[in-house]
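Protein chains in written order, with this note's numbering: chain A, 1102 to 1295; chain B, 7 to 409.
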């Protein structure tokens, strides 16, 4: 048939199942490592992981992160160590969800959840400050009224990190090389991609 | 057989009720065309979605059937802009020049048999012309003016290129189109669409194969379908609006409802061309009637002919959508080569051969003489085809330039 065989291909496809889903009505589970809205994690004792080093802000290609560090008070430290993230802002009008900040973070303080359905109606809502980013006492992200949380989308935060071997060496694959998180403990390693 | 005038005018005087019948038919044809364009666009998007494992429009109305209406309403209320370098009056006129021929061509299509409206016997078609086939050719030729003037009056280069392409393409395929119609006209011996349909009319189940003209004029039928696709700028011949090369083609500078009218005209042309193909080649409204009802029952006079007509048109429309989903856009030189090197020659040879056959069979020759002459005709045509085939440059062949 040669050049007419395309007609057979299109005709056969008519009787095959549809690949499209009715998105707002029926939601399919996205990939576990989807890059969504960020969270700032805490250690299991409630201390903040962020040390205010600004590596995330430095690596961000969209320049959407603004961090200012401050010295910890001796009596009531916010994070273990010398400094903590005093100001932490992400502008979601600029963020491209590339996850470079997550890669850059030395303490696994910033990770991304699976949530991607958050459309704000003004520019103030688009700028997430520490209030919106820092996890609550159970380790879950504080939910904003304009965010569409369907299920446990923040249970898969830092999924990508746990699937990658430390320092890129395959010898470390599957080995736990990260600290525990408030509410979730030390997370299990993930299989890396085939 | 010479086409008869519509029996509506048999009494000779034009009364108000005759005028009313004409008005009803005009309005009905207008509404039918508009609604069918709406449904065709929806159906096209649904079928193509099916062929690509998608769902297609499903938001507006049940199964998304009102999507086209919603799009039309949106476009109607959008702001319209005219480029400062445009020829303003021609720019405004062009969309209507392209939509009017589409309507006018549909007017001569018989969509049913002879019925009674307001107490008048009349044909179920807007007008019955003794030169219906010429009207089809004329209107498809006039239709290009809208596209040509739209591109020219936009005062911009891409629309101009698009309209130049459209003009060249239409001129090239108009010849093949006309010669393909000739295949039917030779068989029917008339130009009137009503008479052509009557020649093919039969109520038996096998009428599609014994009475319709697509079998005795098989090659013209195929050529007609290809040329009709090219005339309506339908994929794979939609070089007029090749987005990758021409932004949007002739309609680049158009916005709002004027833009919508171009698309209305384009899809209306597809429907009209399918109706023309059904009329000329597939017997129009001819088809089996319901045997358990009287022949003059309203179902048998009104519904069944329109039903068969609709079924045939829908089959052809599905074929156009199928082509749209399956074929990539042709390269421009291939388009021209197909039209000039293959379609015109094939249609011409077929027309001459079938004309000679019919002429010979009408003479009172003996059987052997008839067969001998027929064989001679076929041999001559084969020789002509061979010469043409050898004369046509093959791909990659060097052509000497004429000086």
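Ideal placement from N, C-alpha and C gives every residue a C-beta, glycine not left out.
In this text the structure is predicted, and so the values were computed from the model without any measurement.
Whole angstroms are fine: how far does the CA of residue j sit from the CA of residue i?
| i | j | result |
| --- | --- | --- |
| residue 347/B | residue 221/B | 24 Å |
| residue 1204/A | residue 249/B | 41 Å |
| residue 1196/A | residue 164/B | 37 Å |
| residue 360/B | residue 189/B | 7 Å |
| residue 343/B | residue 335/B | 14 Å |
| residue 8/B | residue 223/B | Below a pLDDT of 50, predicted positions are generally treated as unreliable, and residue 8/B, at 44, falls in that range; no measurement from the model is reported. |
| residue 1276/A | residue 1270/A | 11 Å |
| residue 1178/A | residue 58/B | 59 Å |
| residue 1280/A | residue 1130/A | 27 Å |
| residue 304/B | residue 117/B | 15 Å |
| residue 265/B | residue 101/B | 8 Å |
| residue 6/B | residue 180/B | With chain B covering only 7 through 409, there is no way to say anything about residue 6/B. |
| residue 197/B | residue 307/B | 24 Å |
| residue 1236/A | residue 1211/A | 10 Å |
| residue 92/B | residue 1220/A | 41 Å |
| residue 132/B | residue 35/B | 7 Å |
| residue 256/B | residue 176/B | 14 Å |
| residue 357/B | residue 394/B | 16 Å |
| residue 1103/A | residue 1109/A | 11 Å |
| residue 316/B | residue 332/B | 24 Å |
| residue 24/B | residue 64/B | 43 Å |
| residue 44/B | residue 110/B | 18 Å |
| residue 186/B | residue 219/B | 12 Å |
| residue 282/B | residue 15/B | 25 Å |
| residue 1158/A | residue 1138/A | 16 Å |
| residue 22/B | residue 398/B | 60 Å |
| residue 1185/A | residue 1198/A | 24 Å |
| residue 1120/A | residue 60/B | 6 Å |
| residue 301/B | residue 314/B | 16 Å |
Start and end of the beta strand (DSSP E) containing residue i?
| i | result |
| --- | --- |
| residue 1185/A | 1184-1192 |
| residue 1171/A | 1166-1172 |
| residue 127/B | 126-129 |
| residue 121/B | 120-123 |
| residue 1141/A | 1139-1141 |
Is the shortest distance between the beta-carbon of residue i and the beta-carbons of chain B less than 7 Å?
| i | result |
| --- | --- |
| residue 1114/A | yes |
| residue 1292/A | no |
| residue 1108/A | yes |
| residue 1117/A | yes |
| residue 1300/A | In the structure displayed, chain A extends from 1102 to 1295; residue 1300/A sits before or after that span and is not available. |
| residue 1258/A | no |
| residue 1288/A | no |
Alpha helix (DSSP H) containing residue i: first to last residue?
| i | result |
| --- | --- |
| residue 180/B | 163-194 |
| residue 1204/A | 1201-1205 |
| residue 5/B | Limits of chain B in this structure are 7 at one end and 409 at the other, which puts residue 5/B out of reach. |
| residue 2/B | Lying outside 7 to 409, the shown extent of chain B, residue 2/B is not represented and no answer is given. |
| residue 153/B | 138-159 |
| residue 384/B | 373-397 |
| residue 1213/A | No alpha helix (DSSP H) holds residue 1213/A; the beta strand (DSSP E) holding it covers 1211-1213. |
| residue 80/B | 73-82 |
| residue 1113/A | 1106-1114 |
| residue 274/B | 262-287 |
| residue 1356/A | There is no way to answer for residue 1356/A, as the model of chain A reaches only from 1102 to 1295. |
| residue 16/B | Run containing residue 16/B: none; DSSP gives neither H nor E here. |
| residue 1180/A | Premise fails: residue 1180/A is in no alpha helix (DSSP H) and is neither H nor E. |
| residue 1222/A | Taken as a continuous stretch (DSSP letters only), residue 1222/A belongs to no alpha helix (DSSP H), as it is neither H nor E. |
Shorter than 7 Å from the beta carbon of residue i to some beta carbon of chain A?
| i | result |
| --- | --- |
| residue 305/B | no |
| residue 275/B | no |
| residue 16/B | no |
| residue 65/B | no |
| residue 214/B | no |
| residue 111/B | no |
| residue 244/B | no |
| residue 9/B | At residue 9/B, the pLDDT of 46 sits below 50, so the modelled position is not reliable; the number obtained from the coordinates is stated separately. Output row for residue 9/B: interface = no. |
| residue 402/B | no |
Say yes only if the C-beta of residue i is nearer than 6 Å to one or more non-hydrogen atoms of the ligand ADP, and no if none qualify.
| i | result |
| --- | --- |
| residue 64/B | Looking for the ligand ADP in the displayed structure turns up nothing, as the structure carries no ligands at all. |
- Residues in the region 1119-1152 of chain A with C-beta within 7 Å of chain B's C-beta atoms, listed in sequence order? 1119, 1120 and 1121
- Message: Please list, in chain order, the residues of the region 311-335 of chain B that have any C-beta partner in chain A closer than 7 Å.
- Response: 328, 331, 332 and 333
- Task: Output, in sequence order along the chain, the residues in the region 335-347 of chain B whose CB is closer than 8 Å to any CB in chain A.
- Result: none
- Query: Do the region 45-61 of chain B and the region 152-169 of chain B make contact, defined as three or more Cβ pairs closer than 8 Å?
  - Reply: no
- Task: Compile a chain-ordered list of the residues in the region 57-81 of chain B whose CB is closer than 9 Å to at least one CB of chain A.
- Result: 57, 58, 59, 60, 61, 62 and 64
- Relative to chain B, which residues along the region 1204-1236 of chain A have a C-beta separation below 8 Å, given in chain order? none
- Task: Indicate whether the contact test is met: 3 or more Cβ pairs, each with one atom in the region 282-297 of chain B and one in the region 240-254 of chain B, closer than 8 Å.
- Result: no
- Inspect the CB distances between the region 1159-1166 of chain A and the region 1184-1193 of chain A and report whether three or more fall short of 8 Å. yes
- Check whether the region 365-383 of chain B touches the region 202-216 of chain B, counting contact only when three or more Cβ pairs, one atom from each stretch, lie closer than 8 Å. no
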